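Chains as they are written, first to last, in this note's numbering: chain A, 36 to 675; chain B, 2 to 249.
All residues carry an ideal CB built from backbone N, CA and C; glycine is no exception.
These numbers were taken from a predicted model, which means no experiment stands behind them.
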Amino acid sequence: MSKTIKAPVPEGPLVEKWNNYKSNAKLVSPNNRKKLEVIIVGTGLAGASAAASLAEMGYNVKSFCFQDSPRRAHSVAAQGGVNAAKNYKNDGDSVYRMFYDTLKGGDFRSREANTYRLAECSASLIDQAVAQGVPFGREYGGYLRNRSFGGVQVSRTFYARGQTGQQLLLGSYQALLRQQHAGKVKLYARHEMLDVVIIDGKARGIIARNLDTGKIERHGAHTVVLATGGFGKIYYLSTLAMGCNASAIWRAHKKGAYMANPSWTQIHPTSLPQSGEHQSKLTLMSESLRNDGRIWVPIDKNETRLPGEIPEEDRDYYLERKYPSFGNLAPRDISSRAAKEQIDLGKGVGPLKNAVYLDFSRAIKEYEKDVIAERYGNLFTMYKKITGIDAYKEPMKISPAAHFSMGGLWVDYELMTSVPGLFAIGEANFSDHGANRLGANSLLQACVDGYFILPYTLQNFLADQINIPKTDVNHPAFEESERLVKDQMQSFLNSKGKKTAEEFHKELGKELYDKCGLLRTKEGLEKAIENIKNLREEYKVNLLVPGTAEEVNSELEKAGRVSDYMELAELMCIDALQREESCGAHFRAEYQTKEGEAKRDDENFCYSAAWEWTGNASSPVLNKEPLVFETVKPSVRSYK
Amino acid sequence: MKITLKIWRQRDAGSKGAFKEYHLDDVSRDMSFLEMLDTLNIKLIKQGELPVEFDHDCREGICGQCGVMINGIAHGPLKNTTTCQLHMRSFKDGDTIYVEPFKAAAFPIVRDLKVNRSALDHIIAAGGYVSVDTGQAPEANSIPITFEQAESAFDAAACIGCGACVASCKNSSAALFTSAKISHLSQLPQGDKETSTRVVSMVNEMEEEGFGFCTNTEACQVECPEDISVLNIARMNYEYNKARLVKK
C-alpha cells in the first residue's frame with residue numbers, strides 16, 4: 036500500500052536546525068567506540084572521508100571498494116571544483132544564498148533542511164581539505180582563489196587545476212590509509228558488495244565477493260554505510276567509470292530500502308560527443324570551461340564552412356540569446372536541453388552532427404593564450420589526446436552525456452535509509468540536489484556527508500548498539516544471503532546464450548537514453564517499459580558469461596551489474612511516468628511553458644517519490660515524502 | 002586497420018605465462034587502445050575462450066587503474082599518456098603490438114594483464130599524509146601559500162599511482178612514486194612538520210615491499226603519464242639524509 040512518509044527534521048528555524056540536532060544527538064563514549072564495528076562500502080569522497088573520520092573517533096571500520104585501490108574511486112575524475120560559502124570574494128555570498136541557489140538549482144524538489152545543512156557545512160570542508168594538503172588554486176599573495184560555476188552569480192568555487200576531485204580524494208584517501216596504518220581501518224580492495232544482510236530488522240553485514248579469487252565472504256558489523264556513488268552508467272554511454280554501478284544500492288533496495296526519484300539523472304552539457312559504435316564511455320570536459328568558452332551552432336543547418344570561417348552573423352550563441360543574465364553559465368539541465376534542441380533541429384556539428392561548438396577564441400584574444408592555458412591547460416591537452424584537435428586553434432565540439440544521479444536511496448535527515456542501521460551517503464543517496472545538481476556541489480555533498488554529518492548521525496544510532504555483541508556471520512540470514520548470491524551467479528554462468536553482458540548493457544542504455552533521458556513523454560516511457568521487460572526476459576536465457584565463479588572473472592562481475600540495471604531501468608521509467616510535471620532534469624514534453632521551459636506542478640507533485648520493492652520489478656509501491664518549505668517559497672525557476 | 006596482437010596470458014601468479022597471438026581485422030583509428038581490447042574480448046567470448054583480463058576504470062586518464070606495457074613501453078608510444086587515453090591512430094595498419102602486464106617483484110600478477118599494486122598503498126599508509134583529524138583544521142586562509150609554492154606542490158601531487166614508473170625502471174624502483182608524495186607534502190606548511198618522520202617511514206616501507214633502488218636512469222619520468230619530475234627523487238634523498246643526520 037502506498038503511504039505518506041515523513042523525515043523528521045529538527046526543531047527550530049532553518050539556520051538553527053543542524054546545531055540543534057548536534058546538541059541533542061546521543062553520544063558514545065570513547066571506550067565504547069572501540070567495541071563497535073562499522074562497514075563502509077565505497078572509498079570515494081563520501082566513503083573514504085566517513086571511514087577516516089569514524090576511525091579517528093575510535094570506531095572499528097571495515098572499508099570496501101571494487102577497484103584495486105581506494106584512490107581510484109570515481110570521485111577522482113571530478114574536474115571543476117567544490118563550492119563553499121566562504122565569501123572570500125566579497126561578492127555577496129552567504130550560507131543562505133548558497134542554500135537558495137542549490138534549492139532553486141534543484142527546482143525546489145529537495146528537502147529544505149538538508150540543502151541548508153549542505154551550505155552550512157561547506158566552509159569547514161575547505162578548511163579540512165587545506166589542512167590535509169590539498170593544493171587548491173592560489174592568488175599570488177597566497178590566499179585561496181575562486182571561480183564561478185553554472186547556475187550562480189557569485190564566485191564560490193574552489194578548485195585544484197582541472198583535477199579538484201583527484202586532489203580532494205587523495206586527501207581523504209590519505210586520511211583513510213593513515214587510519215589503516217593505525218589499525219582502525221581494515222581495507223578490502225577488489226571486493227564487491229553483493230548483498231546487505233539484515234538481522235532482526237537491522238543492517239548487520241554484507242556479502243562480498245573477492246574479485247581476485249572469486250571467494251564469497253561474509254562480513255558483520257553493527258551498522259552498514261553505503262557510499263557507492265551514482266548509477267549514470269546505466270545509460271551505458273556516460274561520463275562515469277566503467278565499473279560504476281547500482282548493484283549495492285539496488286540490492287539494498289531489494290532488502291527494503293526505498294529508492295527515491297530514480298529517474299532524475301543529470302545529463303551533463305559539456306562532454307565529448309560519441310565518435311562511433313565502439314565507444315565505451317564519454318569523456319567529460321569540465322563545466323568550468325563555460326566561464327570563458329562560448330557555446331554556439333551555425334544558424335544554417337546546411338552550413339559546410341569550418342567553424343573559423345563562419346562569421347559572427349551566421350552563428351547562434353543560443354544560450355546567450357535565450358538566457359541573457361546567465362548566458363553560457365546557465366545550469367546544466369537547461370544547457371543540455373538547449374543543446375539537444377539545436378541538435379534535433381539539425382544544427383549539430385561534427386561528422387555525426389551530434390555536437391555543438393564551445394569556442395575560446397574571444398577569451399584567448401581577451402586574456403592571451405597563457406592565461407587560458409593556466410586555467411584549463413590539462414583539459415585542452417586531454418581534448419587533443421582524444422580527438423586529435425587543438426582547441427586553442429578551433430572550437431571544441433561538445434555534447435550532452437549522462438553524468439550524475441540526483442536520485443538514489445531515500446534517506447532521512449540522519450542519512451539513514453528506510454532500513455534501520457543502513458545509511459547512504461554521497462551520490463548514493465538522494466537528498467540534497469533536488470531535480471538538478473549545481474556544478475561543484477557534488478564533491479561538496481560527498482565530503483560533507485562523510486566528514487561532517489555521518490560522524491554525528493551514525494553515532495546517534497550507535498549509541499543504542501553498545502550492548503549488542505559482535506555480529507555472528509554464521510547467523511541464518513548470512514547463510515541465506517550467501518546462497519542467493521551464489522545461485523544468481525551460477526544462473527548467469529548456466530545461461531550459455533549468445534550475447535555478452537556488455538551487448539545487453541548497450542541496448543538497455545540506448546533505450547533509456549532515448550526515452551528516459553533529456554526528454555520524456557508518456558508514450559515513450561510506456562514503450563521503454565515494455566522494451567526493458569522484453570530485454571530482461573531475454574537476459575535470463577540469452578546471456579553469455581565465460582569462465583567460472585571461483586576465479587577472476589570480469590564478465591561475471593558485469594553480468595551481475597547489468598542484471599541490476601535491467602530492473603532499475605524499469606523503475607526509472609515508472610518514476611518518470613508517474614511524475615506528470617517537468618522539474619529540473621526531468622523534462623516531460625507534455626508539461627512545458629509556451630517558451631519551452633519546464634513547467635512544475637507544485638500542487639500535485641511537490642514530493643519525493645520513495646519507491647518500495649515488492650518482489651516484482653514491474654509493480655513497485657509509490658510512497659510519497661511531501662516536501663515542506665518552511666522558509667523559502669518555491670518560485671518559477673528562471674535564468675533569463 | 003588490421004592489427005596483430007601478441008598478448009601475455011597468465012592464469013595467476015603461480016602459473017607460467019606466455020604470449021598468445023590474436024588478429025583483429027576491423028580496428029577503427031578513433032578507438033581507444035582499451036576499446037580495441039574490448040573488441041577482442043567480445044570476439045574471444047563468442048568463440049568460447051576466456052577474455053583477456055586487464056585493469057581499467059575511469060577511461061579518462063585520472064584514476065590510474067589501467068596500465069600495460071605496449072611494445073615494451075609503459076602505457077605505449079605516446080608521451081605522458083595513460084593506456085586508456087592512447088588511441089589506435091597512434092598505430093598503423095598491419096602493425097603487430099606486444100601487450101604485457103607491468104612487471105615487478107612488488108606487483109604480483111593476478112591474471113593476464115592484471116597486477117596487484119597494493120604495495121603502493123602500503124607506502125602511502127606508512128606516512129603519505131598530514132596527521133590532521135577531521136575537525137582540527139584552522140580557517141583555510143590562515144595558511145597563506147604562494148601561487149608558486151602551491152603550483153610546485155601540485156606538480157608532485159598530480160601522480161595518479163598507476164605504477165608505470167616502477168614498470169619502466171630496470172630496478173623496479175618506486176622512487177618516483179614515493180618521492181612525489183614526499184615532495185607534495187613537504188613543500189606545503191601543513192605537511193612540512195612531519196617531513197623527517199614521513200620520509201624515513203615511507204622509504205623504509207618502499208624497501209620492505211620489495212621495490213628496488215633508484216640508480217638515476219630517469220626512465221620513470223619519461224614514461225610517467227603526469228610527467229612527474231625526477232627532481233622529486235633528489236628532494237626525497239635530501240630529506241632522507243637530513244632526517245638521518247638530525248636523528249643522529
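- Scanning chain A for C-beta atoms nearer than 9 Å to the C-beta of B:T196 yields nothing, as the closest lies near 12 Å away.
- Note on geometry: alpha-carbon atoms of A:K533 and B:K47 lie some 7 Å from one another.
- Contact between the segment 210-228 of chain A and the segment 551-566 of chain A is not established, with fewer than three Cβ pairs separated by less than 8 Å.
- Comparing C-alpha distances from A:P581 to each of A:T535, A:H254, A:M133 shows the shortest one belongs to A:T535.
- Under the 8 Å criterion on CB atoms, B:S91 is classed as non-interfacial with respect to chain A.
- Against chain B, a Cβ distance below 9 Å from A:M601 picks out nothing, because the smallest value is about 19 Å.
- A:N464 sits buried, since 16 or more C-beta atoms from the chains shown fall within 10 Å of its C-beta.
- A:L570 and A:K593 have their alpha carbons spaced roughly 16 Å apart.
- For A:C608, the closest of A:A295, A:A164, A:K124, A:L49 by C-alpha to C-alpha distance is A:A295.
- In its chain, beyond the 5 residues on either side, L261, L444, V446, T452 have a beta carbon closer than 6 Å to the beta carbon of A:A459.
- Three or more Cβ pairs drawn from the segment 160-175 of chain B and the segment 208-228 of chain B lie within less than 8 Å of each other, which places the two stretches in contact.
- B:K115 has a beta carbon lying within less than 8 Å of a beta carbon in chain A.
- Taking a 10 Å sphere around the C-beta of A:G278, we find 16 or more other C-beta atoms and assign the residue as buried.
- By the Cβ rule, the segment 174-188 of chain A counts as touching the segment 139-148 of chain B, because three or more pairs are nearer than 8 Å.
- Annotated three-state conformation of A:T39 is strand, per DSSP.
- Between A:Y208 and A:A83, the C-beta spacing is below 8 Å.
- Around the CB of A:H303, 16 or more other CB atoms lie within 10 Å, so the residue is classed as buried.
- Scanning the segment 636-664 of chain A for uninterrupted beta strand (DSSP E) segments of 3 residues or longer gives 642-647, 656-661, listed from N- to C-terminal end.
- Short of 6 Å from the beta carbon of A:G172, and not among the five residues preceding or following it, lie these beta carbons of its own chain, in chain order: R180, Y194.
- B:S132 reaches chain A at R213, counting residues in chain order whose Cβ is nearer than 8 Å.
- According to DSSP, residue pairing for A:F143 in a beta bridge does not occur.
- Taking every protein chain shown into account, the CB of A:Q167 has 16 or more other CB atoms within 10 angstroms, so this residue is buried.
- Rounded to the nearest angstrom, the gap between the Cα atoms of A:N577 and A:S530 is 6 Å.
- Residues of the segment 207-232 of chain B that bring their beta carbon within less than 7 Å of a beta carbon in chain A are absent altogether.
- Looking at A:V454, A:K375, A:K668, A:R329, the one whose alpha-carbon comes closest to that of A:P359 is A:R329.
- Positions of the beta strand (DSSP E) runs, each at least 3 residues long and wholly inside the segment 389-448 of chain A, are given as 391-394, 431-440 in order along the chain.
- Per DSSP, reduced to three states, the secondary structure at A:Y175 is coil, with no helix or strand assignment.
- The C-beta distance from A:M601 to A:Y626 rounds to 28 Å, too long to meet the 8 Å contact threshold.
- Interface with chain B (8 Å Cβ-Cβ cutoff): A:S190 is excluded.
- Rounded to whole angstroms, the separation of the alpha carbons of A:P661 and A:R614 is 14 Å.
- Taking the Cα positions, A:S315 is about 24 Å away from A:S477.
- The residues N658, in chain order, have a CB closer than 6 Å to that of A:K38 in the same chain once the five nearest residues on each side in sequence are set aside.
- The segment 385-404 of chain A and the segment 422-436 of chain A touch, with three or more beta-carbon pairs separated by less than 8 Å.
- Along the segment 439-511 of chain A, the alpha helix (DSSP H) occurs as fully enclosed runs of 4 or more residues at 477-482, 489-497, listed in sequence order.
- The Cβ atoms of B:D96 and B:I4 sit closer than 8 Å to each other.
- Only residues of its own chain outside the window of five on either side were considered, and among them C215, I234 have a CB closer than 6 Å to the CB of B:A176, listed in chain order.
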